[in-house]
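Asks: In my numbering, the protein residues as written are 2 to 279. Ideal placement from N, C-alpha and C gives every residue a C-beta, glycine not left out. I have a structure I would like to understand better, so I am pasting it below and will then ask my questions one at a time.
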Amino acid sequence: MLRIRPFSAADIPLGLRLSRQAGWNQLAADWQRIFDLQPDGGLVAEWRGTPVGTVMTTLFGPVAWISMVLVDESMRQRGIGTALVEQAVEAIQRRGGESVRLDATPLGQPLYERLGFVVQFRLLRFEGILSAAPANVECPAADELAWERMAEFDRSATGTDRRRLLHALDRDQPDNARCVWQDGLLGGYLLSRPGFIARQLGPCCANETAGELLLRDAWRRYAGQCVVMDVPAANSAARRLADAMGLSVKREFTRMCRGAWVAEREEYLWASAGPEKG
């Protein structure tokens, strides 16, 4: 009755339909990016031959990310989500993944806890329409030199080599990356992308001074637009600035891990890349 098969590019419309049904922010371009980063990393659940669920995985060396765990609302409470995640974890382990991570919604967290995932920290999703920025802060666009430094900075903050993700985001939104230099050293960077509901600000990894400058620059560039940003609850400086930008907390996620622990520097994580990639 339940069959799980590999996800292909032809399944992107299915994924988009399920994410829209759930009220998530992804566009078709987000699904395409996830697929391109790991073409053999997705699974589709079929119930009596009808596709009803998805899960996507991406490996960044020994660290794997699970995302887009979606089940058609008419087919929930049948163990489909559990079966998808179990098979995804098994596939990750076969490929040598040592850490399996994800951002859980409140609905999904009990499922992940039953499967051995452990809570790491909370993320707060701030959302709202940006007013006119009070100061004209401008941060330079990233050049070729900055990209290598950005990848190194990101790895030091997240404990994961995500350069493939950063370059994929840049390819989709060229000239969108901003950075801050301090005495010849990179103090931080910010990327963003459009979404179905709002522009997603992030990832943004930075020290305290650079983080504020980067978000104020984004505030100026995207004034009048609806934006979302996922901020670690422990990063009080980022939370205060999100409040000043007129954003309010609309929902929460819980970052979870199974296997080898990956410790992020939450004070350097001003905005995550979103639940798709942490």
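Between the stretch 217 to 226 and the stretch 115 to 133, can you find at least three pairs of beta-carbon atoms closer than 8 Å?
Replies: At 8 Å Cβ cutoff, the stretches touch.
Asks: Of the residues 155, 118, 189 and 126, which one's Cα is nearest the Cα of residue 142?
Replies: 189
Asks: According to the neighbour-count rule (16 or more other Cβ atoms, all chains shown, within 10 Å of its Cβ), is residue 151 buried or exposed?
Replies: Classification for residue 151: buried.
Asks: Excluding the 5 residues preceding and the 5 following residue 39 in the sequence, name in chain order all residues of the same chain whose CB lies nearer than 7 Å to its CB.
Replies: 58, 59 and 60
Asks: I'd like to confirm the pairing. Which residues does DSSP put opposite residue 187 in its beta bridges?
Replies: 182
Asks: Helix, strand or coil for residue 48? Go by DSSP, reduced to three states.
Replies: strand
Asks: Can the beta-carbon of residue 16 be found less than 8 Å from the beta-carbon of residue 63?
Replies: Remark: C-beta atoms of residue 16 and residue 63 do not approach each other more closely than 8 Å.
Asks: So, helix, strand or coil for residue 263, using DSSP?
Replies: DSSP, reduced to helix, strand and coil, places residue 263 outside both helices and strands of the structure shown, so it counts as coil.
Asks: Nearest to residue 105 by alpha carbon, out of 93, 120, 92 and 75?
Replies: 120
Asks: With distances taken from CA atoms, which of 171, 187 and 216 is nearest residue 194?
Replies: 171
Asks: Using the three-state DSSP reduction, which class does residue 151 fall into: helix, strand or coil?
Replies: helix
Asks: Relative to the C-alpha of residue 263, which residue among 156, 229, 203 and 180 is closest?
Replies: 156
Asks: The alpha helix (DSSP H) that contains residue 107, what's its start and end?
Replies: Note, residue 107: premise wrong, no alpha helix (DSSP H); not H, not E.
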